[in-house]
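Note sheet for the following structure.
Protein chains: 2
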Amino acid sequence: MEFICDKNILSDGINTAQKAVMPKAALQILEGILIKAENSLTITGNSLEIGIVSNVEAEIVKTGSIVVNSRIFGEIIRKLPEGNVKIQVDELNNVIIECKNSHFKIKGIDSSGYPEIPEVEQDNKIVLTQNVLREMIKHTLFSVSIDDNRPVLTGVLIESESNRITFVAIDGFRMALRNFFSDQNYPEFSVIVPAKTLSEISKIIQPTDENIEIYVSKSQILFSTNNCKLVSKLIEGEFINYKNLLPEKFESNISIDRTELLSSIERVSLITSDGRRNPVKFDIKRNNLTLTTNTEIGNVREDIEIEVDGEKLSLGFNPKYFIDCLRVIEEEKITISFSSEIGPSIIKSGIDEYIYLILPIKIR
Amino acid sequence: MEFICDKNILSDGINTAQKAVMPKAALQILEGILIKAENSLTITGNSLEIGIVSNVEAEIVKTGSIVVNSRIFGEIIRKLPEGNVKIQVDELNNVIIECKNSHFKIKGIDSSGYPEIPEVEQDNKIVLTQNVLREMIKHTLFSVSIDDNRPVLTGVLIESESNRITFVAIDGFRMALRNFFSDQNYPEFSVIVPAKTLSEISKIIQPTDENIEIYVSKSQILFSTNNCKLVSKLIEGEFINYKNLLPEKFESNISIDRTELLSSIERVSLITSDGRRNPVKFDIKRNNLTLTTNTEIGNVREDIEIEVDGEKLSLGFNPKYFIDCLRVIEEEKITISFSSEIGPSIIKSGIDEYIYLILPIKIR
Chain A
54 MEFICDKNIL SDGINTAQKA VMPKAALQIL EGILIKAENS LTITGNSLEI
104 GIVSNVEAEI VKTGSIVVNS RIFGEIIRKL PEGNVKIQVD ELNNVIIECK
154 NSHFKIKGID SSGYPEIPEV EQDNKIVLTQ NVLREMIKHT LFSVSIDDNR
204 PVLTGVLIES ESNRITFVAI DGFRMALRNF FSDQNYPEFS VIVPAKTLSE
254 ISKIIQPTDE NIEIYVSKSQ ILFSTNNCKL VSKLIEGEFI NYKNLLPEKF
304 ESNISIDRTE LLSSIERVSL ITSDGRRNPV KFDIKRNNLT LTTNTEIGNV
354 REDIEIEVDG EKLSLGFNPK YFIDCLRVIE EEKITISFSS EIGPSIIKSG
404 IDEYIYLILP IKIR
Chain S
54 MEFICDKNIL SDGINTAQKA VMPKAALQIL EGILIKAENS LTITGNSLEI
104 GIVSNVEAEI VKTGSIVVNS RIFGEIIRKL PEGNVKIQVD ELNNVIIECK
154 NSHFKIKGID SSGYPEIPEV EQDNKIVLTQ NVLREMIKHT LFSVSIDDNR
204 PVLTGVLIES ESNRITFVAI DGFRMALRNF FSDQNYPEFS VIVPAKTLSE
254 ISKIIQPTDE NIEIYVSKSQ ILFSTNNCKL VSKLIEGEFI NYKNLLPEKF
304 ESNISIDRTE LLSSIERVSL ITSDGRRNPV KFDIKRNNLT LTTNTEIGNV
354 REDIEIEVDG EKLSLGFNPK YFIDCLRVIE EEKITISFSS EIGPSIIKSG
404 IDEYIYLILP IKIR
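Keeping their order, the protein sequence lines are chains A and S.
For what it's worth, this note's numbering labels the leading residue of the first sequence as 54, then goes sequentially.
For what it's worth, this note's numbering labels the leading residue of the second sequence as 54, then goes sequentially.
Right under this line is the structure:
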């Protein structure tokens with residue numbers, strides 16, 4: 054194998070593929086990336102859960118393939134002087150890296166043992182802009198459960214139907230639901246994607262209006278951009294029927310400044326180390342929301358002007374659940390709807406676009 | 054006690070004093086900062102090794118003092134809305150913090166148990182600009198020893214004599230020496246300052262030509278700026294006679310581009326996890342320096358153009374010791390003098406300003 058490539062382009066390609074590599078993999082070969090020079094140059098990382106293939110622009114002198122340690126190879130390429138780098142593999146699987154006055158020779162591994170990334174059937178396809186996908190992940194991913202006892206809740210439900218795509222994440226105390234409405238029709242499917250997969254894809258995609266294609270099969274999902282493909286296993290099982298969780302009636306609706314509420318809750322939470330044991334009390338009165346809490350450190354009161362439509366109400370919340378949501382919304386004026394002192398409350402943003410549900414905590 | 058103060062000014066004052074506070078102090082009161090409102094407002098942090106007093110501009114309504122938990126108080130003030138904050142202490146030592154619609158009440162501690170910061174006699178005084186002090190610390194601090202078996206080497210020697218101030222740090226394998234020459238005369242003294250003290254003072258001082266006054270007594274050192282005072286214990290004992298370490302004759306002197314050498318050594322060190330076990334070999338030939346190393350990961354060769362005055366030479370070095378020094382020098386063209394294959398080598402920058410000595414490692 055032999056190819057010549059710009060150092061920065063190669064480095065970017067390694068960075069992308071590397072996101073699938075586990076730093077301490079069970080098999081040594083999985084700590085490596087597969088470099089394959091055929092008609093074009095590709096770099097592959099694979100954790101068996103997630104596989105990423107990045108395409109790299111290069112002049113291929115001699116076809117072939119090799120596996121190299123991802124971290125060491127990546128660091129060497131990143132530290133090379135600017136310009137073209139020549140990569141060769143000798144008959145003993147040594148990888149020779151030459152760039153200006155730098156000459157490296159590092160041990161490679163025969164590529165025949167590197168696991169294949171599964172093919173994903175291309176029947177169920179949806180297309181989104183990278184911007185939209187980024188936002189949908191940002192609005193939901195933080196709400197997935199970290200409790201491995203209910204594996205389905207450790208992923209995000211992606212549901213596609215007629216002109217709507219919906220992302221849903223539920224962790225037992227809250228739910229984040231993000232809709233995207235299109236003028237085209239999507240195929241009908243419903244799959245659960247591991248949190249890590251969405252976390253990695255959101256690092257790979259850019260804040261642009263370029264498209265990303267998503268293909269879904271029975272057990273795999275494929276994200277495909279111009280530069281790379283990411284294939285991931287899906288989580289098997291039945292997701293919670295999230296539609297049943299949304300309350301139909303609300304005792305009180307308030308309109309409030311998002312940044313002001315966020316700052317107040319962040320301050321209140323400074324003296325509550327454990328938000329479940331020390332909930333923040335919300336007192337909704339005419340034109341005024343008062344937040345209070347009382348812990349061993351001291352007590353705090355925050356007053357915020359609001360517009361109220363409905364009844365006076367007192368409820369307790371884990372401040373963390375409010376903070377997480379208020380940090381990802383962009384709108385400055387938001388509506389919060391409280392169903393009752395024990396029923397779920399809802400924060401909405403956009404027209405049916407984003408719905409965030411929080412369960413209150415009983416105040417002693 | 055009661056005072057009114059701009060939130061950001063108060064926050065800055067807390068940040069400075071906090072640098073002396075140990076997060077997990079032996080006594081609870083040492084996790085606090087002392088707030089004292091008399092003619093002016095001061096905030097004090099004290100670890101018993103280092104004490105910092107910062108002056109804060111405030112309108113004092115009622116004199117008094119209190120100790121509050123440094124981390125919690127600091128976070129609350131930092132998160133308050135912009136504007137003035139009012140701080141009061143009630144008869145139960147509660148600290149009441151009020152700023153716009155935020156009202157905090159946190160538990161304080163009676164200040165009578167807070168340890169005093171020792172007075173430092175003002176006989177031996179030197180004055181430097183903050184810029185010069187920053188640079189002298191930056192050039193030497195990284196070379197102090199982390200081996201507690203020789204306490205004197207865990208600090209930086211500060212020597213003052215006629216028109217010269219010298220900082221010296223030695224860790225057994227290398228020495229960093231920084232001179233500052235003035236047109237005034239300084240008092241004569243020689244003290245050893247703990248690394249942590251210089252590390253904290255370098256975070257407090259600014260990149261300006263404003264002065265900082267340094268006072269030295271038998272067992273304490275005081276750094277004093279317009280806004281704050283830092284008092285630290287000195288390390289007792291006799292420092293190494295560093296002047297004896299400097300070689301008088303050199304077999305070879307080379308002139309080399311600093312950035313190029315730094316990049317090459319950084320690359321070489323990517324495949325040497327332990328620089329003492331895997332030294333980098335320097336081969337000095339006519340107009341050329343070749344760096345090579347060979348480890349279980351692979352091997353590397355870097356060629357750099359140089360100007361040589363002297364003999365051909367081959368030596369081994371721990372790459373880390375070169376990298377540390379080359380990162381803090383600003384000059385682009387530097388001179389390295391090699392005394393012999395086993396004697397110390399020296400990097401110089403400026404006219405007698407900075408001398409960095411490294412011992413070579415025998416190559417097998």
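Don't be surprised by glycine CBs; every beta carbon is placed ideally from N, CA and C.
As the structure is a computational prediction, the values presented were derived from the model and not from experiment.
- Task: Leaving aside the five residues before and after N147/S along the sequence, list all residues of the same chain whose C-beta is less than 8 Å from its C-beta, in chain order.
- Result: Cβ neighbours of N147/S within its own chain (closer than 8 Å, five residues either side excluded): K158, I159, K160 and G161.
- Query: DSSP three-state call for E358/S: helix, strand or coil?
  - Reply: Reduced to three states, the DSSP call for E358/S is strand.
- Is A79/S helix, strand or coil by DSSP? Note: A79/S maps to coil in three-state DSSP.
- Item | Cα-Cα separation, S270/S to G208/S | Looking at the backbone, the Cα of S270/S and that of G208/S are separated by about 16 Å.
- Message: Against chain S, does P134/A count as a neighbour if the rule is that its beta carbon must be under 8 Å from one of theirs?
- Response: Closer than 8 Å to some Cβ of chain S, the Cβ of P134/A qualifies, so yes.
- Item | Residue-chain proximity (R227/S, chain A), Cβ-Cβ < 8 Å | Output row for R227/S: interface = no.
- Query: Does the stretch 400-412 of chain A come close enough to the stretch 90-104 of chain S to have 3 or more Cβ pairs within less than 8 Å?
  - Reply: At 8 Å Cβ cutoff, the stretches do not touch.
- Interfacial residues, the stretch 302-327 of chain S to chain A, with Cβ spacing under 8 Å: Across the stretch 302-327 of chain S, CB contacts with chain A closer than 8 Å involve S316, S317, E319, R320, L323 and I324, in sequence order along the chain.
- Message: Less than 8 Å between CB atoms is the rule here; does K77/A satisfy it with respect to chain S?
- Response: Chain S contact via Cβ: absent.
- Item | Minimum Cβ-Cβ distance from N352/A to chain S less than 8 Å | It does: the Cβ of N352/A has a partner Cβ on chain S nearer than 8 Å.
- Task: Classify R380/A as buried or exposed, calling it buried when 16 or more other Cβ atoms lie within 10 Å of its own Cβ.
- Result: Exposed, because fewer than 16 other Cβ atoms sit within 10 Å of the Cβ of R380/A.
- Task: Go to R231/S, then tell me how far its beta strand (DSSP E) extends in each direction, as first and last residue.
- Result: Bounds of the beta strand (DSSP E) holding R231/S are R227 to F234.
- Item | Counterpart residues of V106/S in DSSP-defined beta bridges | BP columns for V106/S point to T97/S and K282/S.
- Query: Whose C-beta lies closer than 7 Å to the C-beta of K431/S among residues of the same chain, with five residues either side of it excluded?
  - Reply: Here chain S covers residues 54 to 417 and nothing more, so residue 431/S does not appear.
- Query: Y239/S and N216/S look like a contact to me (Cβ under 8 Å); what is the Cβ gap, rounded to whole Å?
  - Reply: Between Y239/S and N216/S, the beta carbon gap of about 7 Å places them in contact (Cβ cut-off 8 Å).
- Could you check what DSSP says for K256/A in three-state terms: helix, strand or coil? Three-state result, K256/A: helix.
- Message: Taking DSSP's pairing of strands, which residues face R339/A in a bridge?
- Response: R339/A is bridged by DSSP to nothing; it lacks a bridge partner.
- Straight-line gap, F391/A to C152/S (C-alpha atoms, nearest Å): Going by the C-alpha atoms only, they are around 29 Å apart.
- Message: At a CB distance below 7 Å, what residues from the stretch 339-364 of chain S approach chain A? Give them in sequence order.
- Response: Residues of the stretch 339-364 of chain S whose Cβ lies closer than 7 Å to any Cβ of chain A, in chain order: I350, G351, N352, V353, R354, E355, D356 and I357.
- Note down, in chain order, every chain A residue with its Cβ under 7 Å from the Cβ of F157/S. Residues of chain A passing the Cβ test: G351 and V353.
- Message: Taking only three categories from DSSP, how would you classify A73/A?
- Response: DSSP places A73/A outside both helix and strand once states are collapsed to three, so it counts as coil.
- Message: What would DSSP say about F375/A, mapped onto helix, strand or coil?
- Response: In the three-state scheme derived from DSSP, where H, G and I count as helix and E and B as strand, F375/A is classed as helix.
- Task: On the DSSP bridge assignment, give the partners of V142/A in chain order.
- Result: According to DSSP, which records beta bridges pairwise, V142/A is partnered with V148/A.
- Item | Exposed unless 16 or more other CB atoms sit within 10 angstroms - verdict on S326/S | By the 10 Å Cβ count, S326/S comes out exposed.
- Message: Between E291/S and chain A, is the shortest Cβ-Cβ distance under 8 Å, so that the two count as touching?
- Response: Taking Cβ atoms only, chain A never reaches closer than 8 Å to E291/S, which makes this a no.
- Item | F143/S versus S196/A - alpha carbon distance | Position check: residue 143/S holds Asp in this sequence, whereas Phe was assumed. Straight-line Cα distance between these residues: approximately 42 Å.
- Message: Any heavy atom of the ligand PLP inside 7 Å of the beta-carbon of N306/A?
- Response: Absent from the structure shown: the ligand PLP. Ligands present: none.
- Task: Check each candidate in S272/A, G136/A and V284/A and name the one with the smallest Cα separation from T250/A.
- Result: Ranking the options by Cα distance to T250/A, first place goes to V284/A.
- So is K72/A in contact with chain S if we call contact Cβ pairs under 8 Å? No - not a single Cβ of chain S is within 8 Å of the one on K72/A.
- Could you pull the start and end residues of the beta strand (DSSP E) that Q273/S belongs to? Per DSSP, Q273/S belongs to the beta strand (DSSP E) from Q273 to S277.
- Between which two residues does the alpha helix (DSSP H) carrying N297/A extend? No alpha helix (DSSP H) contains N297/A, which DSSP labels as neither H nor E.
- Cβ-Cβ distance between L344/S and S317/S below 8 Å: The beta carbons of L344/S and S317/S sit closer together than 8 Å.
- Are the beta-carbon atoms belonging to N137/S and I57/S less than 8 Å from one another? For the 8 Å CB-CB criterion, N137/S and I57/S form a contact.
- Query: Which residue comes first and which comes last in the beta strand (DSSP E) that contains K122/A?
  - Reply: Checking the displayed sequence, the identity of residue 122/A turns out to be Asn instead of Lys. Here the beta strand (DSSP E) through N122/A covers G117 to N122.
- Query: Any idea if T116/A is buried or exposed, counting beta-carbon neighbours within 10 angstroms, 16 or more meaning buried?
  - Reply: Burial check for T116/A: the Cβ neighbour count within 10 Å stays below 16, so the residue is exposed.
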